[in-house]
Amino acid sequence: MLQTITEWLNRCPLPKLEARMLLQHSTGLTRAQLITRGGDELDEPTLQTLNTLARRRIEGEPMAYILGEREFYGRMFHVNPGVLIPRPETEHLVEAVLQHLPPQGKVWDLGTGSGAIAVTVALERPDAVVRASDISPQALDTARLNAQRLGAAIEWVSGSWFEAGRPSEHHTYDIIVSNPPYIEAGDEHLSQGDLRFEPQTALTDFSDGLSCIRVLVSESPLYLKQGGMLMVEHGYNQGAAVRALFEQGGFKDVETLNDLAGLNRLTVGRFGQNHTQYS
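The sequence shown begins at 1 in UniProt numbering and counts up one residue at a time.
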């Protein structure tokens, strides 16, 4: 039986915001048009699509995967189950990069995923040289697509962490940045909410949550300039442990920064003794 837009919206068991998002996605109408054209009947193919999408959401699939996109730093990024969903907390990592990146600076984003960090930095700072790498071919394909859609110039490289490096680039980067897998193996959050649907290899190191950060700390000095910075996102309860790793690795000016909720979110440190600040 056919339904009008308003009838479908009223019968849908999802929160009204999510139901409206599915309607906009399936019909191409704006939110205002959903109101002014609420009496319009939905044709059978659109109705079937809507009901399928609603069932996927009821079963817990993230809205970002259902819609195929998520906003990050004011831009829409294509996402799929092969990449992590960009989160507002990671915008703090971008802000830290932008704050410390010198003119014509060189940045390497390791484990780029959807490319949200690399693409955003490249667009906010078109003078910068931005490199991004990932071990996942699907992630790199997604990141390249986002860069192409948004017009970002980036060098893409396939490889695990610094295996994607080149000897010619030793001590040439101003900033190395990463949002690595940092959830500890067995953490209950991995079986809850959106995380159930996201790629596990991008969420957890299947160890103590710090193994990937250890690699970043130990190997990034080979690629950082004197005074260059390493910036790493991590869990809310890992600040002290990550600071200790940075300090043991010889980094200076080590600092853990909080997100808007006041929780530890990223740690930064400087290689060498150059204290020049940029803003």
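Ideal placement from N, C-alpha and C gives every residue a C-beta, glycine not left out.
Looking at the DSSP output, T30 shares a beta bridge with no other residue. In the displayed model, S220 falls within a helix according to three-state DSSP.
Boundaries of the beta strand (DSSP E) harbouring G269: N264 to R270, taken from the DSSP string. Under DSSP, H78 forms a beta bridge with E69.
In the DSSP assignment, L98 falls within the alpha helix (DSSP H) that extends over E91 to H100.
In the DSSP secondary-structure assignment, S133 is bridged to L110 and V157. Spanning the alpha carbons of V217 and W108 requires a straight line of approximately 14 Å. Taking 8 Å as the cut-off, the beta carbon of E255 is found no closer than this to the beta carbon of T90.
F72 is the residue among L22, F72 and G249 whose C-alpha sits nearest the C-alpha of L93. The stretch 182-189 makes no contact with the stretch 111-125: fewer than 3 CB pairs, one atom from each, lie closer than 8 Å. Nearest C-alpha to W156 among H171, A240 and A164: A164.
Inclusion of A202 and I154 in the CB contact set at 8 Å is not warranted, their separation being larger than that value. The C-beta separation of Y236 from L263 comes to about 4 Å, placing the pair in contact by the 8 Å criterion. For the alpha helix (DSSP H) assignment, the uninterrupted runs of no fewer than 4 residues enclosed by the stretch 223-262 are, from N- to C-terminal side, 239-248. Counting other Cβ atoms within 10 Å of its Cβ, R57 reaches 16 or more and is therefore classed as buried. As a beta-bridge residue in DSSP terms, V177 pairs with D109 and M231. A contact between stretches requires three or more CB pairs, one per stretch, nearer than 8 Å, and the stretch 126-142 fails this requirement with the stretch 205-212.
In the pairwise beta carbon analysis, the stretch 27-39 is classified as not touching the stretch 62-69: fewer than three pairs are separated by under 8 Å. Q226 and G193 have their C-alpha atoms some 42 Å from each other. Counting along the chain, R125 sits inside no alpha helix (DSSP H), nor does DSSP assign it H or E at all.
Close CB contacts of G269 within its chain, under the 6 Å cut and outside five residues either way in sequence, are with L230, F246, F251 and V254 (chain order). Separation of I85 and H100 (C-alpha to C-alpha, rounded to the nearest whole angstrom) is 25 Å. A straight line joining the alpha-carbon of R166 with that of P103 spans about 23 Å. Going by DSSP, E44 is part of the alpha helix (DSSP H) stretching over E44 to I58. Between the alpha carbons of R37 and A143 lies a distance of about 37 Å.
For E7, the enclosing alpha helix (DSSP H) starts and ends at I5 to R11.
In this chain, the alpha helix (DSSP H) harbouring T201 covers Q200 to L203.
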